[in-house]
Amino acid sequence: MDYNFENFGMNQIENIVSLLNQCTDSYIFIFDLDNDLLSISSRAKSSFDFSCDKFSGATEKLVSLTYPEDVSLFSINIDALKSGQHEEMNLECRWKSRSGNPVWISFRGKIIPSAEKKRVLLGSIEILHETDKSDASTGLFSETQLKSDFSLVREREGKVSGFILKIDIDNISVINEQYGVATGDSVVKKVAACCRKVCSGTARAYKIAGDKFICMNLSGKSAPVAQKLFLSLKREIAEAEKGIAYDVVFTVSGGAVAFLNEEAELDDIMKKLNYSLSMAKSQGRNTLVMFNAPDYSKHLREIDLQDCLRNSLKNDFEGFELYYQPFVDAKKIYLDSDKTVTNVIGCEALLRWSCEKYGMLSPDEFIPILERTGMIVPVGRWVLRTAFNQCREWNRVQKEFRMSVNLSYIQIKKSDIVEDVETAIVSSGVNPANVTLELTESGYIDNAQGLQNLTENFEKLGVNVDIDDFGTGYSNLRYLQYLHASTLKLDYTFVHRATNGNEGDKNVIKHIAQMAHELNMKVCMEGVETSQDVEKLLVFNPDKFQGFYFGRPCSAVNFRELHVRPNAKLETYK
């Protein structure tokens, strides 16, 4: 119910307030904002440091009563009332009691008209219980209070501006295990104290679940302030470590979201915070990552793709398909004298995936998701079965046609790959001699023995092994002699240097090809795109070529029509 005070003078309003204060436990007040004059219940003097019940310089006095961490928020609200930006105030904060202890209060008021045409705030101050407002172990605000503070501003303004910084102690579980839970609790309290110190006057510090902290500013501070606050926090933590003679060394990671006139709810902002913090952890910890919208959109897309991929697996691998890219015999590239029939001796099976929502995606986008989630294991088994069945079918036409299948290092690591290959051979009925498994040696930099054991087991099954992408990054020449590999495939970038590089590059490739041949390995050169590439590469005496010049990856139907030749021998095409 609204009351009209327009015909009441200040003295009359003060008399009404005096009567009301006799009827309630709250402290009713009237605050003349224009003259900075406050009249309040005389009972308030028993709880707070008021020398009288009516005094000037009220703003300064009220700010002096406010707990340091809440001064910024309280001052912003008072300034908004004085400037006419707000007509009401509804704030929960802490004041200092007469003994100096923090006391939670509810400060509520509304601007009322008066006969003197002044801006007058009529309201009440009520002492609140502290349940759920503070974290017992650190004294910081609780997560419940975080939600309350955000909702209060969000509901009053309809939007929020400022930043939220989330802090996590790096490896706190390791500290608990190594030094004990008591030491871990001590570290948490030290970080809490550091958060309280650096937030003073800038933000509010909160302790939330899982030994994490929030520093929140809703007064319009920008991203640089959040970054500066995090740097200050790291300096304070360094001082804390120094103070305990480095008995325990610890760091923190941070994720921050800055926003301007944001209408989102706290839960939405927290999702962005959690993503930013996880990025900080993945980048080596002890760092801050500011929220980046494009990266987050990519992250959400990956999550959605992960769900779509999982649904494909549940629906009998719906959307998955194998494309096939030919490789040719470099010793006899063509079967006819007119050079119109390419001597395709096999192909590489390449995984493709499409769905209704995203269409066909690049393998560079969906395969890392399969590997990260472990879905590469069931998909890898599907690839083996499908490729081996296709090879058996084409072997009916072209008896010695060979099928190459890539094996993911993650697939090998997380499954019994030898058993999976053997199962696919038996179920398909393919001739093992016509099957080639391609391994990328870079995954075995620290486990050469593991790679050797794997190739030996494949050899026992009668299948061939090729070393794929040789020349990318680290390439271990030393252990090639122990691998029992059939072919060394030189990566496209390596081959490109052979066709366009200097003499030094060409000499390196020449010696690698020569070494492979001396180890009874064949050499396949990938990435052949032009007839000029072919001419330049022939001087290195390769055994096989693969690249767009001889054919792009295509479906099984198209590959059969374009590349599979009955009894593919030179005599057939004379």
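Counting the sequence shown from 1 gives a position; the working numbering is that position plus 99.
Built from N, CA and C at the ideal position, the CB exists for glycine as well.
- Taking the Cα of L180 as reference, the smallest distance to any Cα among R255, L589, S241, E617 is reached at R255.
- In this structure, I210 sits away from I224, with a CB-CB distance that is not shorter than 8 Å.
- When rounded, the separation of the alpha-carbon atoms in A281 and V348 is 15 Å.
- Of the candidates Y423, S411, D428, the residue whose Cα lies closest to the Cα of M474 is S411.
- Using a Cβ distance threshold of 8 Å, F262 and V427 do not count as a contacting pair.
- In the DSSP assignment, E225 forms a beta bridge with S205.
- V202 and I266 have their C-alpha atoms roughly 27 Å apart.
- When the Cα atoms are used, S381 and D133 turn out to be separated by approximately 54 Å.
- Residue state for A322 is assigned as helix, using DSSP reduced to three classes.
- According to DSSP, W194 shares a beta bridge with T165, V202.
- A Cβ-Cβ contact shorter than 8 Å links G353 with F329.
- Here the C-alpha atom of I127 lies approximately 9 Å from the C-alpha atom of S138.
- With 16 or more neighbouring CB atoms inside 10 Å of its own CB, R295 falls in the buried class.
- By the neighbour-count criterion, in which a residue is buried when 16 or more other Cβ atoms sit within 10 angstroms of its Cβ, I343 is exposed.
- The three-state secondary structure of D590, taken from DSSP, is coil.
- Of the residues assessed, G603 falls on the exposed side of the cut-off, its CB having fewer than 16 other CB atoms within 10 angstroms.
- The distance from the Cβ of T350 to that of D269 is about 5 Å, consistent with a contact at the 8 Å cut-off.
- Around the Cβ of S527, a 10 Å sphere holds 16 or more other Cβ atoms; the residue is buried.
- Counting the other Cβ atoms within 10 Å of the Cβ of T439 gives fewer than 16, which makes it exposed.
- In the structure shown, Y648 falls within a coil segment according to DSSP collapsed to helix, strand and coil.
- By DSSP's assignment, Q424 forms a beta bridge with E447.
- Note that the C-beta distance between F465 and W481 is not below 8 Å.
- A304: member of the beta strand (DSSP E) spanning 303 to 307, first to last residue.
- Straight-line spacing of the CA atoms in A363 and L421 works out to 43 Å.
- Bounds of any beta strand (DSSP E) do not take in N533, whose DSSP letter is neither H nor E.
- Shown here, D435 sits in coil according to DSSP, grouped into three states, outside any helix or strand.
- Residue state for V627 is assigned as coil, using DSSP reduced to three classes.
- Apart from the 5 residues on each side of it in sequence, A615 sits with its Cβ closer than 6 Å to the Cβ of L587, V622 in its chain, given in chain order.
- Here Y126 is bridged, per DSSP, to I224.
- Per the coordinates, the alpha-carbon of L538 lies some 30 Å from the alpha-carbon of D403.
- Between L579 and L618, the C-beta spacing is below 8 Å.
- Contact fails between the segment 624 to 637 and the segment 651 to 663, because fewer than three Cβ pairs, one in each stretch, are under 8 Å apart.
- When the five nearest sequence neighbours on each side are left out, the beta carbons in the same chain lying within less than 7 Å of the beta carbon of G445 are those of F426, F500, R501, M502, S503, in order along the chain.
- If you look at A379, you'll find it in the alpha helix (DSSP H) that goes 365 to 381.
- With contacts defined as CB atoms closer than 8 Å, A655 and Q489 qualify as a contacting pair.
- Under the three-state reduction of DSSP, G549 is assigned to helix.
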